[in-house]
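These notes are about the structure you will find just below.
Numbering (the UniProt record's numbering), first residue to last: 1 to 162.
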């Protein structure tokens, strides 16, 4: 069983820079379209632009992770502060496999990277040992060695950053 915790972000089709509301996408839509054969549950923790996530929000997310029965947790998250949330979770030393993912292109757009990142994160989640990771752009990053490159709009390892 994979427990998916949602926190908002573009992966769910939420555009916080637009004044008009954008069509929200349920991650279950992507999973149903992919005809997945594993069991999962989805729980909305909050719906925020990751730039607005507070310490209290992160603590609430940690509480949800700690009280979740499954040991495989996927967190959908906005890309702006994904590394901060991964670090916050990791510092709590939870003995579960936790993968954060999101998208750069709105999940409601036809050319979105959301389904790819979601599928990639779920695959990684099934093979990784307990710890906290970020799965983006076809790569897995340990929470302690990831940074978002604003120039390329990709995540990379800190030790790769020039």
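For each residue, glycine too, the CB sits at the ideal point set by N, CA and C.
- With three or more CB-CB distances shorter than 8 Å, the segment 1-15 counts as touching the segment 108-121.
- Judged by DSSP secondary structure, residue 92 falls outside any alpha helix (DSSP H); it is assigned neither H nor E.
- Proximity to residue 131 across 96, 101 and 157 peaks at 96, based on C-alpha coordinates.
- Boundaries of the beta strand (DSSP E) harbouring residue 154: 154-156, taken from the DSSP string.
- For the set 141, 39, 4 and 38, the Cα lying nearest the Cα of residue 26 is the one of 4.
- Shown here for residue 141: same chain residues with a beta carbon closer than 7 Å to its own, the five before and five after excluded, namely 133, 134, 155 and 157 in chain order.
- Of the candidates 81, 125, 71 and 124, the residue whose Cα lies closest to the Cα of residue 150 is 81.
- The three-state reading of DSSP puts residue 82 in helix, counting H, G and I together.
- Apart from the 5 residues on each side of it in sequence, residue 94 sits with its Cβ closer than 7 Å to the Cβ of 65 and 66 in its chain, given in chain order.
- Under the three-state reduction of DSSP output, residue 149 falls in the strand class.
- A distance of 9 Å or more separates the beta carbons of residue 76 and residue 152.
- With respect to the 9 Å criterion, residue 69 and residue 1 are classified as neighbours on the basis of their beta carbons.
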